[in-house]
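Trainee: This is the structure I want to talk about, given as structure tokens.
Numbering (our numbering), first residue to last: 1 to 441.
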């Protein structure tokens with residue numbers, strides 16, 4: 001019998017799940033907990049992805065977790081100062097703020113949001129109150145049988161938010177979710193589940209940002225289940241600029257209704273190992289989908305982006321642009337899939353992945369995929385990997401610009417194609433400052 005990958009992790013989780021069930025205080029018979037138990041059973045039977053798993057071929061996250069974490073199910077008390085917490089937040093951003101400390105909702109640090117057409121609730125409170133939104137949407141988009149880390153997150157889901165945007169509501173200010181961890185005294189581990197429902201003709205922007213403060217390692221997972229209703233416009237930002245000891249797995253699963261517009265932005269700027277799974281289902285006609293990503297890596301940072309644009313119905317458009325800059329001994333991975341189903345005639349789908357390797361030790365593995373079962377479509381995909389344009393570098397130096405400055409100018413111009421897709425000026429300025437500081441070091 002073949003050994004199940006990640007057996008040492010599974011052994012630890014079995015005891016933790018029993019303790020978790022006992023802590024639920026009457027929720028063990030809810031519909032949500034039935035999903036948790038199914039997910040945990042699936043995880044125990046299938047195990048974690050091993051080195052031969054095609055989806056994790058270049059990112060052995062199972063080995064990384066086994067090697068670096070005890071996963072004893074407990075975290076040390078949160079002890080960060082007000083100044084340390086404030087330093088994790090986006091300067092100049094006027095937003096509705098939701099704050100989590102070591103994965104647990106903080107009512108003291110979060111805004112009391114009283115906006116017509118917007119309902120934000122702690123997922124834990126939603127489960128406790130048997131909220132219809134939490135119970136009916138939990139586990140409906142992210143399939144735990146397809147990914148062990150989704151199963152892990154589902155089994156231990158208790159904290160996160162539900163965000164409900166009413167039909168025709170226009171939420172002017174972004175909703176920003178700050179997940180702040182304290183690893184000052186011990187390793188840190190927690191799992192976040194967010195449920196977002198954008199009503200018909202609604203408009204909103206959501207930002208998810210993870211930060212860890214401390215010298216010990218952290219392991220976090222997040223799953224976002226997003227419903228974008230007919231004619232809704234939703235923008236979702238994922239900002240990853242954590243410590244060099246941070247291991248993070250993100251799953252965003254979105255479905256779109258007719259004539260809706262969904263824009264997903266993923267900025268991976270620092271961390272030990274990061275895996276981003278972005279899966280979008282275009283389930284009706286007239287949909288527009290945009291996926292924009294930038295990974296700016298140095299040291300030994302490892303970032304793996306897996307994306308899926310699944311065209312299921314006619315007359316839809318998707319456009320994906322991911323760019324990577326790798327320095328030091330960093331490693332980038334990109335796997336982008338476009339599916340065009342038999343009913344998805346008149347599809348327009350485009351995908352581009354471009355990478356620059358600055359050092360000889362940096363690597364990237366890229367695999368764009370396009371699978372088409374329809375005949376009346378316009379689709380393209382491609383990837384490039386190379387080094388800086390030496391002619392352009394020489395041109396700038398010939399005009400008196402020092403080599404390091406000239407190099408930074410060219411790299412910023414390369415990154416700007418993605419950065420310019422950000423409409424909110426405060427978010428754009430925040431990201432631009434980080435990128436400029438990194439490139440000019």
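Glycine is no exception: its CB is placed at the ideal position from the N, C-alpha and C atoms.
Does DSSP classify residue 81 as helix, strand or coil?
Mentor: Locating residue 81 in the chain shown gives position 81, counting from the first residue. The answer is coil: DSSP assigns residue 81 none of H, G, I, E or B.
Trainee: Note down the Cα distance separating residue 73 from residue 121, rounded to an integer number of angstroms.
Mentor: Counting from 1 along the chain shown, the entry for residue 73 is found at position 73. Counting from 1 along the chain shown, the entry for residue 121 is found at position 121. Each residue's Cα considered, the two are about 25 Å apart.
Trainee: Quick one: residues in its chain with C-beta nearer than 6 Å to the C-beta of residue 209, no 5 flanking neighbours on either side, listed in chain order?
Mentor: By one-based count along the chain shown, residue 209 stands at place 209. Excluding residues within five positions, the ones whose Cβ falls inside 6 Å are 178, 239.
Trainee: Given a cut-off of 8 Å, decide if residue 315 and residue 281 are closer than it, judged by their beta-carbon atoms.
Mentor: Here residue 281 refers to the residue found at position 281 when the chain shown is read from its first residue. Here residue 315 refers to the residue found at position 315 when the chain shown is read from its first residue. The answer is no: Cβ separation not under 8 Å.
Trainee: Assuming residue 189 contacts residue 69 (C-beta within less than 8 Å), just tell me the rounded distance between them.
Mentor: Taking the first residue of the chain shown as 1, we reach residue 189 at position 189. Taking the first residue of the chain shown as 1, we reach residue 69 at position 69. About 6 Å; that satisfies the 8 Å criterion.
Trainee: Note down the Cα distance separating residue 124 from residue 431, rounded to an integer number of angstroms.
Mentor: Counted from its first residue, the chain shown places residue 124 at position 124. Counted from its first residue, the chain shown places residue 431 at position 431. The alpha-carbon atoms of residue 124 and residue 431 are separated by roughly 31 Å.
Trainee: For residue 86, which of helix, strand or coil comes out of DSSP?
Mentor: Along the chain shown, one-based indexing puts residue 86 at 86. In the structure shown, residue 86 sits in a helix (DSSP, three-state: H, G or I).
Trainee: Under a three-way DSSP split, which group does residue 1 fall into?
Mentor: Translated into positions along the chain shown, residue 1 becomes position 1. Annotation note: pLDDT 40 at residue 1 (below 50); position unreliable, no value reported.
Trainee: Report the partner residues of residue 311 according to the DSSP bridge assignment.
Mentor: Here the question's residue 311 lines up with position 311 in the chain shown. Residue 311 pairs with 282, 340.
Trainee: Just to confirm, is the Cβ distance from residue 242 to residue 271 under 8 Å?
Mentor: Working through the chain shown from its first residue, we reach residue 242 at position 242. Working through the chain shown from its first residue, we reach residue 271 at position 271. Yes.
Trainee: Contact check, residue 245 vs residue 218 under 8 Å by CB: the rounded distance?
Mentor: Mapped onto the chain shown, residue 245 falls at position 245. Mapped onto the chain shown, residue 218 falls at position 218. Right, the Cβ-Cβ distance comes to about 6 Å (below 8 Å), so this counts as a contact.
Trainee: Could you tell me which uninterrupted beta strand (DSSP E) segments, each at least 3 residues in length, are contained entirely in the segment 258-305, listed from first to last along the chain?
Mentor: Those beta strand (DSSP E) runs which fall completely within the segment 258-305 and span 3+ residues are 261-270, 273-282, 288-297.
Trainee: Please classify residue 433 as buried or exposed, where buried requires at least 16 neighbouring CB atoms within 10 angstroms.
Mentor: In the chain shown, counting from the first residue as 1, residue 433 sits at position 433. The residue is exposed, with fewer than 16 neighbouring Cβ atoms inside 10 Å.
Trainee: So, are the CB atoms of residue 329 and residue 300 less than 8 Å apart?
Mentor: Taking the chain shown and counting its residues from 1, the one referred to as residue 329 is at position 329. Taking the chain shown and counting its residues from 1, the one referred to as residue 300 is at position 300. It is a contact, given that the beta carbons lie within the stated cut-off.
Trainee: I want to know whether the segment 377-385 touches the segment 409-424 - three or more CB-CB distances under 8 Å.
Mentor: Result no; under three Cβ-Cβ pairs closer than 8 Å.
Trainee: Among residues of its own chain, excluding the 5 on either side of residue 102, which ones have a beta-carbon nearer than 7 Å to its beta-carbon?
Mentor: In the chain shown, residue 102 corresponds to position 102, counting from 1. Excluding residues within five positions, the ones whose Cβ falls inside 7 Å are 75, 78, 181, 182, 188, 190.
Trainee: At which residues does the beta strand (DSSP E) containing residue 352 begin and terminate?
Mentor: By one-based count along the chain shown, residue 352 stands at place 352. Start and end: 348-357.
Trainee: Using only the alpha-carbon positions, how far apart do residue 44 and residue 10 sit?
Mentor: Mapped onto the chain shown, residue 44 falls at position 44. Mapped onto the chain shown, residue 10 falls at position 10. Each residue's Cα considered, the two are about 7 Å apart.
Trainee: Report yes or no: do the segment 202-216 and the segment 130-144 share at least 3 C-beta pairs separated by less than 8 Å?
Mentor: Flag = no, the segment 202-216 and the segment 130-144 do not touch.
Trainee: Using 10 angstroms around the beta-carbon of residue 221, count the other beta-carbons present and answer buried if the total reaches 16, otherwise exposed.
Mentor: Taking the first residue of the chain shown as 1, we reach residue 221 at position 221. Buried.
Trainee: Compute the Euclidean distance between the alpha carbons of residue 436 and residue 393, then round it to the nearest angstrom.
Mentor: Position 436 of the chain shown, counted from the start, is the residue given in the question as residue 436. Position 393 of the chain shown, counted from the start, is the residue given in the question as residue 393. About 18 Å.
Trainee: CB residue 287 to CB residue 254, shorter than 8 Å?
Mentor: Taking the chain shown and counting its residues from 1, one reaches residue 287 at position 287. Taking the chain shown and counting its residues from 1, one reaches residue 254 at position 254. Cβ distance not < 8 Å, so residue 287 and residue 254 don't count as in contact.
Trainee: Restricting to Cα atoms, I'd like to know which of 100, 311, 186, 274 is closest to residue 284.
Mentor: As a first step, residue 284 is located in the chain shown; it is residue number 284 there, counting from the start. Residue 284 has its Cα closest to that of 311, out of 100, 311, 186, 274.
Trainee: Compute the beta-carbon to beta-carbon distance between residue 266 and residue 276, rounded to the nearest angstrom, for a pair I have assumed lies under 8 Å.
Mentor: Numbered from 1 along the chain shown, position 266 holds the residue referred to as residue 266. Numbered from 1 along the chain shown, position 276 holds the residue referred to as residue 276. Right, the Cβ-Cβ distance comes to about 5 Å (below 8 Å), so this counts as a contact.
Trainee: Measuring CB to CB, does residue 421 end up less than 8 Å from residue 292?
Mentor: Start at 1 with the first residue of the chain shown, and residue 421 comes out as number 421. Start at 1 with the first residue of the chain shown, and residue 292 comes out as number 292. Contact flag set, yes.
Trainee: Report yes if the CB atom of residue 204 is closer than 8 Å to the CB atom of residue 135, and no otherwise.
Mentor: Residue 204 sits at position 204 when you count from the first residue of the chain shown. Residue 135 sits at position 135 when you count from the first residue of the chain shown. Not closer than 8 Å, so no.
Trainee: By the DSSP assignment, the alpha helix (DSSP H) with residue 223 in it spans what residues?
Mentor: Reading the chain shown from its first residue, position 223 is the one you call residue 223. That residue, residue 223, is in no alpha helix (DSSP H); its beta strand (DSSP E) goes 218-228.
Trainee: For a minimum of 3 consecutive residues, which ranges assigned as the beta strand (DSSP E) are wholly contained in the segment 104-171?
Mentor: List check, beta strand (DSSP E) in window: 118-122, 161-165.
Trainee: Using the C-alpha atoms, what's the distance from residue 366 back to residue 354?
Mentor: Locating residue 354 in the chain shown gives position 354, counting from the first residue. Locating residue 366 in the chain shown gives position 366, counting from the first residue. When rounded, the distance between both Cα atoms is 9 Å.
Trainee: Can you tell me where the alpha helix (DSSP H) with residue 363 in it begins and where it stops?
Mentor: The count along the chain shown starts at 1 and reaches residue 363 at position 363. First-last for residue 363: 363-372, but that is the beta strand (DSSP E), not the alpha helix (DSSP H).
Trainee: Might you give, ordered along the chain, the residues of its own chain that have their beta carbon closer than 8 Å to the beta carbon of residue 140, omitting 5 neighbours on each side?
Mentor: Working through the chain shown from its first residue, we reach residue 140 at position 140. Closer than 8 Å at Cβ, skipping near neighbours: 225.
Trainee: Who are the Cβ neighbours of residue 417 in its own chain at under 7 Å, not counting the five residues just before and after it?
Mentor: Along the chain shown, one-based indexing puts residue 417 at 417. 321, 323, listed in sequence order.
Trainee: Would residue 331 and residue 369 qualify as a contact pair, given that the criterion is a beta-carbon distance under 8 Å?
Mentor: If you number the chain shown from 1, residue 331 lands on position 331. If you number the chain shown from 1, residue 369 lands on position 369. No, these two residues do not count as a Cβ contact at 8 Å.
Trainee: According to DSSP, is residue 250 part of a helix, a strand, or is it coil?
Mentor: Mapped onto the chain shown, residue 250 falls at position 250. Residue 250: strand per DSSP, three-state reduction.
Trainee: Using three-state DSSP, classify residue 442 as helix, strand or coil.
Mentor: Any question about residue 442 goes unanswered here, given that the chain covers just 1 to 441.
Trainee: If I follow the unbroken beta strand (DSSP E) through residue 240, where does it start and stop?
Mentor: In the chain shown, the residue the question calls residue 240 occupies position 240. Where residue 240 is concerned, the enclosing beta strand (DSSP E) stretches over 233-241.
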